[in-house]
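Input: a single structure, listed below in structure tokens.
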Amino acid sequence: MPTILPMKLTTLVDYLDDLLRISSIADSPHAHNGLQVANRGDVTRIAVAVDACGAVIEQAVTHHADLLIVHHGLFWGGQQPITGSFYQKLKMAFDNNLAIYSAHIPLDLHPQVGNGVLLAQALELTDLMPALKYQGELVGVAGKSKPLTRSRFLEKVSTAVGGPVHLAPGGPLTVEKVLVVTGGAGSEVAAAAAEGVDTFVTGEGPHWSYTAAEELGINLIYAGHYATETFGVKALGILLSGKFDIPHAFIDHPTGL
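For the sequence shown, this note's numbering begins at 64 and goes up steadily by one.
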């Protein structure tokens, strides 16, 4: 087995901070983007995942990773007691020299490795443009689809995310103009309709969004919060592995939501 030369954690963190514009992109006031947990300073293997949950951290340790990059990090605003399962997660990371880095909205909207643009590309949308403002940032991607029946487009979304999808059939039977916002953006259905699209693809949303889509005349497709947000971390893993010659692994821990 070839020797893996370690990279400095600070080198990788600086690169990610610059690439994802961590310091300049607004996010939910509860999100903490960037390095959340440090290690002893070196990185020889990277793991990427959607969530920094206990099962993922355990698998990262099994993969001998010393850096875990996630979309949903450990810290979501305010101080909290380090007890129970939260203590166990941190202890597992500390005991196994595992650093944890999180990128939420900065990864959703990135023009090359972002969840939105990569899902839009998987759906073969063209003329892609940033769209739908959240916290002052354009977090979605709007584009054109070749005219497809709604049922055929639904199949295409299912293929792209690798699982079942749910349709609120409020819009036309032919899909041509699409907005993609990954994650839990269903409550933005009115804002999506205001973008002038006929179909809104997101991960999940509230119960009332179904009837809102009917009343607004827009197709609303729920493709899974988890499933729509695997694209960015996978792309980051491939990018870092190629640029820095570091092995990486994607840890798949689907929630079904």
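Just so you know, even glycine gets a beta-carbon here, dropped at the ideal spot from N, CA and C.
Bear in mind that the values here come from a model prediction, so they are computed numbers and not experimental data.
Helix, strand or coil at residue i [DSSP, three-state]
i: Asn96; result: coil
i: Ile85; result: coil
i: His288; result: helix
i: Asp80; result: helix
i: Ala115; result: coil
i: Gly305; result: helix
Whether residue i touches residue j by CB criterion (8 Å)
i: Gly234; j: Asp190; result: no
i: Gly246; j: Gly266; result: yes
i: Leu230; j: Leu217; result: yes
i: Ala166; j: Asn102; result: no
i: Pro317; j: Tyr289; result: yes
i: Glu239; j: Lys196; result: no
i: Arg108; j: Ala128; result: yes
i: Phe138; j: Gln184; result: no
i: Ile284; j: Val252; result: no
i: Ala275; j: Leu242; result: no
i: Leu182; j: Ala223; result: yes
i: Val77; j: Ser86; result: It should be pointed out that residue 77 corresponds to Asp in this sequence rather than to Val. Cβ distance not < 8 Å, so Asp77 and Ser86 don't count as in contact.
i: Phe42; j: Ala255; result: Outside the displayed span of the chain (64 to 320) sits residue 42, for which this structure offers no information.
i: Ala186; j: Val220; result: Checking the sequence, you will find Leu at residue 186 rather than Ala. Closer than 8 Å, so yes.
i: Ser272; j: Gly249; result: yes
Spatial neighbours of residue i in its chain, beta-carbon cut-off 7 Å, leaving aside the 5 residues before and after
i: Glu200; result: Ile88, Ala89, Ile168, Leu172
i: Pro174; result: Val180
i: Leu320; result: Glu267, Gly287, His288, Tyr289
i: Arg84; result: Pro169
i: Leu302; result: Val176
i: Asp114; result: Val133, His135, His316
i: Thr293; result: Val113
i: Ile145; result: Leu153
i: Phe157; result: none
i: Asn159; result: Val124
Cβ neighbours of residue i in the same chain (closer than 6 Å, five flanking residues each side left out)
i: Asp105; result: Pro69
i: Pro310; result: Arg108
i: Phe307; result: Met70
i: Val204; result: Gly179, Val180, Ala183, Leu191, Val243
DSSP bridge partner residues for residue i (one or two, in chain order)
i: Lys207; result: Thr189, Lys240
i: Leu283; result: Ala231, Phe263
i: His311; result: Ile109
i: Lys297; result: None; Lys297 has no bridge partner.
i: Lys71; result: Asp105
Residues of its chain near residue i, where Cβ-Cβ distance is below 8 Å and the 5 sequence neighbours each way are ignored
i: Met155; result: Gly117, Ile120, Glu121, Val124, Leu161
i: Leu236; result: Thr212, Arg213
i: Ser148; result: Gly117
i: Val111; result: Leu131, Ile132, Val133, Val296, Lys297, Leu299, Gly300, His311, Ala312, Phe313, Ile314
i: Pro92; result: Gly140
i: Glu278; result: Gly233
i: Ile67; result: Thr107, Arg108, Ile309, Pro310
i: Thr73; result: Gly104
Within the segment 211 to 281, ranges of the alpha helix (DSSP H) (whole runs, at least 4 residues): 213 to 224, 252 to 257, 272 to 279
At what residue ranges does the segment 123 to 204 contain a whole run of the beta strand (DSSP E), taking only runs of 3 or more? 130 to 135, 162 to 165, 189 to 197
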